[in-house]
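What follows is a single structure, written as structure tokens, with notes after it.
Shown next, in the form of structure tokens:
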């Protein structure tokens, strides 16, 4: 069958893709959020480390 | 041990009697919620009779939950709670005393005012009687489970809403079977006894486990 | 002589296990594990998607294409329940052994569990609309998922409402344990609101009647979600450690920090 046909999932395209779409969105979103959170925390730690070093001079 | 229980019970009741408005606010909250539904849903007899068990029970849940904040708050604030935790008496027993007092002051009045619901919602006398009895068995369970929530959220801002968020899911079985009992009493084929057996089982389980869990929660919150 | 040697070995093993109970020791270990879980998760999910979309029988016909929703739905539902048990497990370990890391694991698990619970509800709504005709109908399984979502949110709310980390961890842990104990009772009461009879829409389906290819896709996707959970939870755990342990010297000496 054609790609169009496959995409429409026998008429249920909206439902199937809404379900899969949200799943993909949230799972990917969670990962991206955690990566960004890690970067932010490392930035804070580096700033802290710099402050400590400059204090101890 | 029983003396410790009785002492705490009498103390809490005496203190509450000095500030009687607290007792009445819970009661009037219940009455107001009960009175709001016919205004919002329409006063048609059939409808009201149908929704009465659920409405009465939900109002009882909410009223019971509002009163929970005060269960440990004042004792926590003035240091009495810490003193209680230092006594040789098992904390669970003291907790049971406080919860018993709490129920007598907030749960029991709901049981006694329940016939009013029967009146406002056109319930047949059988259903009203079942409602009163189900509340009698069920509201202590609400107080017992709620005490755990009150102990966990001791001294936190947003306490009341937070308790609701934590405790309402745990109230669901009591709600389902309490309201169910009243609905079954309207059915000739309904087996009301089965509901009461379940509610009694919940009460016994709650009596055994909840004071102990509440005591553990208090230790976590106060140490 | 022999007994003494054995006793020594026992102590040696016990010390070894607890060695990883400190955030400092577990942080690098978690870092090394994460890529492996991604290596397991991504191919599994990809395979499940491929199998589910291209190898399941068209016998089920054009009219039933929507059944593909079941793959993420079942996986998410299983994960939502499993992760709650895992969360309570770590909470209990924390309360018993008083180890900080256990509480951090429980906190790391909660958001992912809540996410899967929401996904179970979301995909469940689309499944319901296509196979039964309604978005929602209070059937016991879906209602139970809703309650589970409340339990997760309650846990996270209580933790964030308490400023003192130690009290927050332990209070939320106790709440989670109480929740787990009540869960069977809650689920049962929703399933059997009339004590004399229990009914459910989901109960009609039993795994024996499901076609083999569908089962394969379902299980592989659930496995993929499980590996994903490991990866994501360990990532979150490392972030939690970075935040909570930032005053510890070992953190300052991490390669990613010290420049």
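Protein chains in written order, with my numbering: chain A, 200 to 256; chain B, 3 to 225; chain C, 194 to 452. A virtual CB, placed ideally from N, CA and C, is assigned to each residue, including glycine. Computed from a predicted model, the values in this text were never measured in an experiment.
Please classify residue 290(C) as buried or exposed, where buried requires at least 16 other C-beta atoms within 10 Å of its C-beta. Walking along the third chain from the start, residue 290(C) turns up at place 97. Flag for residue 290(C) reads exposed.
Hey, is residue 217(A)'s beta-carbon within less than 8 angstroms of any beta-carbon in chain C? Locating residue 217(A) in the first chain gives position 18, counting from the first residue. At least one chain C Cβ lies under 8 angstroms of residue 217(A).
Only counting the same chain, and skipping five residues up and downstream in sequence, which positions put a Cβ closer than 6 angstroms to that of residue 181(B)? Taking the first residue of the second chain as position 1, residue 181(B) is located at position 179. Counting only Cβ-Cβ distances below 6 angstroms, and skipping sequence neighbours, we find 55, 56 and 59.
What do you reckon, are the CB atoms on residue 36(B) and residue 119(B) nearer than 8 angstroms? Residue numbering aside, residue 36(B) sits at position 34 when the second chain is read from its first letter. Residue numbering aside, residue 119(B) sits at position 117 when the second chain is read from its first letter. A contact, by the Cβ cut-off of 8 angstroms.
So, with DSSP's three-state summary, where would you put residue 204(A)? Residue numbering aside, residue 204(A) sits at position 5 when the first chain is read from its first letter. Residue 204(A) falls in the helix class under three-state DSSP.
Excluding the five sequence neighbours on either side, which residues of its own chain have a C-beta within less than 8 angstroms of the C-beta of residue 8(B), listed in chain order? The residue you call residue 8(B) lines up with position 6 of the second chain. Cβ within range, chain order: 99.
Given this structure, state the Cα-to-Cα distance separating residue 391(C) from residue 222(B), to the nearest angstrom. As a working note, residue 391(C) is residue 198 in the third chain. As a working note, residue 222(B) is residue 220 in the second chain. When rounded, the distance between both Cα atoms is 39 angstroms.
Is residue 390(C) helix, strand or coil by DSSP? Taking the first residue of the third chain as position 1, residue 390(C) is located at position 197. In this structure, residue 390(C) counts as strand in the three-state DSSP scheme.
With the cut-off set at 8 angstroms, would you say residue 335(C) and residue 314(C) are in Cβ contact? To locate residue 335(C), count along the third chain from 1; it is residue 142. To locate residue 314(C), count along the third chain from 1; it is residue 121. A contact, by the Cβ cut-off of 8 angstroms.
Taking the alpha-carbon positions, what's the residue 63(B) to residue 114(B) distance? By 1-based counting over the second chain, the position of residue 63(B) is 61. By 1-based counting over the second chain, the position of residue 114(B) is 112. Distance between the alpha carbons of residue 63(B) and residue 114(B) is about 15 angstroms.
Considering only the alpha carbon of each residue, which of 237(A), 249(A), 248(A) and 251(A) lies closest to residue 435(C)? Position 242 of the third chain holds residue 435(C). Residue 237(A) is the option with its Cα nearest to residue 435(C).
According to the neighbour-count rule (16 or more other Cβ atoms, all chains shown, within 10 Å of its Cβ), is residue 126(B) buried or exposed? Within the second chain, the letter at position 124 stands for residue 126(B). Under this definition residue 126(B) is an exposed residue.
Three or more C-beta pairs closer than 8 angstroms, one from the stretch 130 to 148 of chain B and one from the stretch 191 to 207 of chain B: is that the case here? yes
For residue 418(C) and residue 156(C), believed in contact at Cβ under 8 angstroms, the rounded distance: Since the first and last residues shown for chain C are 194 and 452, residue 156(C) lies out of range.
Chain C partners of residue 179(B), CB-CB under 8 angstroms? If you number the second chain from 1, residue 179(B) lands on position 177. The answer, in chain order, is 382, 386 and 388.
CA-CA distance, residue 197(C) and residue 92(B)? Working through the third chain from its first residue, we reach residue 197(C) at position 4. Working through the second chain from its first residue, we reach residue 92(B) at position 90. Any answer about residue 197(C) is weak, because its pLDDT of 47 lies below 50 and its placement is not dependable; what the coordinates show is given next. Their Cα atoms are separated by approximately 42 angstroms.
Just to confirm my understanding: we take residue 397(C), look at its own chain, exclude 5 residues before and 5 after, and list those with CB closer than 8 angstroms. What are they? For the purposes of this step, residue 397(C) is taken as the residue at position 204 of the third chain. Note on residue 397(C): pLDDT 49, under 50, position unreliable in the model; no value is reported.
In angstroms, rounded to a whole number, what distance separates the CA positions of residue 440(C) and residue 220(C)? Counting from one through the third chain, the residue named residue 440(C) turns up at place 247. Counting from one through the third chain, the residue named residue 220(C) turns up at place 27. Using only the alpha carbons, I get a separation of about 15 angstroms.
Would you say residue 31(B) and residue 68(B) are within 8 angstroms of each other, going by their C-beta atoms? The sequence position of residue 31(B) within the second chain is 29, counting from 1. The sequence position of residue 68(B) within the second chain is 66, counting from 1. Against a cut-off of 8 angstroms, the Cβ pair of residue 68(B) and residue 31(B) comes out as a contact.
Counting only Cβ-Cβ distances shorter than 8 angstroms, please list the residues of the stretch 153 to 179 of chain B near chain C, keeping chain order. 154, 155, 158, 159, 160, 164, 167, 168, 170, 171, 172, 174, 175, 178 and 179
Any beta-carbon of chain A closer than 8 angstroms to the one on residue 328(C)? Mapped onto the third chain, residue 328(C) falls at position 135. Not one chain A Cβ lies under 8 angstroms of residue 328(C).
Mind the definition here: the stretch 148 to 164 of chain B touches the stretch 208 to 219 of chain B only if three or more C-beta pairs lie below 8 angstroms; say whether that holds. yes
Per-residue contacts from residue 350(C) into chain E (C-beta, under 7 angstroms): Protein chains A, B and C are contained in the structure displayed, whereas chain E is not.
Whole-number beta carbon distance between residue 409(C) and residue 244(C), since they are thought to touch under 8 angstroms: Taking the third chain and counting its residues from 1, one reaches residue 244(C) at position 51. Taking the third chain and counting its residues from 1, one reaches residue 409(C) at position 216. Indeed they touch by this definition, with Cβ atoms about 6 angstroms apart.
By the criterion of Cβ-Cβ separation under 7 angstroms, what are the contact partners of residue 223(B) in chain C? Here the question's residue 223(B) lines up with position 221 in the second chain. 360 and 364, listed in chain order.
From residue 207(A) to residue 167(B), what does the alpha carbon distance come to, in whole angstroms? Numbered from 1 along the first chain, position 8 holds the residue referred to as residue 207(A). Numbered from 1 along the second chain, position 165 holds the residue referred to as residue 167(B). Between residue 207(A) and residue 167(B), the C-alpha separation is close to 41 angstroms.
Can you tell me whether residue 206(B) is helix, strand or coil according to DSSP? Reading the second chain from its first residue, position 204 is the one you call residue 206(B). DSSP places residue 206(B) in helix when its eight states are reduced to three.
Anticipated Cβ contact below 8 angstroms, residue 112(B) with residue 65(B), distance rounded: As a first step, residue 112(B) must be located in the second chain, where it is residue number 110. As a first step, residue 65(B) must be located in the second chain, where it is residue number 63. Going by Cβ atoms, the distance from residue 112(B) to residue 65(B) rounds to 6 angstroms, so yes, they are a contact pair.
Start-to-end residues for the alpha helix (DSSP H) that takes in residue 321(C): As a first step, residue 321(C) is located in the third chain; it is residue number 128 there, counting from the start. Per DSSP, residue 321(C) belongs to the alpha helix (DSSP H) from 293 to 324.
Examine the Cβ distances between the stretch 365 to 377 of chain C and the stretch 344 to 351 of chain C and report whether three or more of them are shorter than 8 angstroms. yes
Supposed close pair residue 218(A), residue 319(C) - CB separation, criterion 8 angstroms: Your numbering for residue 218(A) matches position 19 in the first chain. Your numbering for residue 319(C) matches position 126 in the third chain. Right, the Cβ-Cβ distance comes to about 4 angstroms (below 8 angstroms), so this counts as a contact.
Exposed or buried, what is residue 16(B) when buried is set at 16 or more other beta-carbons lying within 10 Å of its beta-carbon? Locating residue 16(B) in the second chain gives position 14, where the first residue counts as 1. Its Cβ having fewer than 16 others within 10 Å, residue 16(B) is exposed.
Count Cβ pairs between the stretch 81 to 91 of chain B and the stretch 246 to 255 of chain A that sit closer than 8 angstroms; are there 3 or more? no
For the alpha helix (DSSP H) that residue 178(B) lies in, which residues bound it at each end? Along the second chain, one-based indexing puts residue 178(B) at 176. Here the alpha helix (DSSP H) through residue 178(B) covers 161 to 188.
Neighbour flag for residue 421(C) against chain A, beta carbons, 8 angstroms: The residue labelled residue 421(C) in the question sits at position 228 within the third chain. Judged by the 8 angstroms Cβ criterion, residue 421(C) is in contact with chain A.
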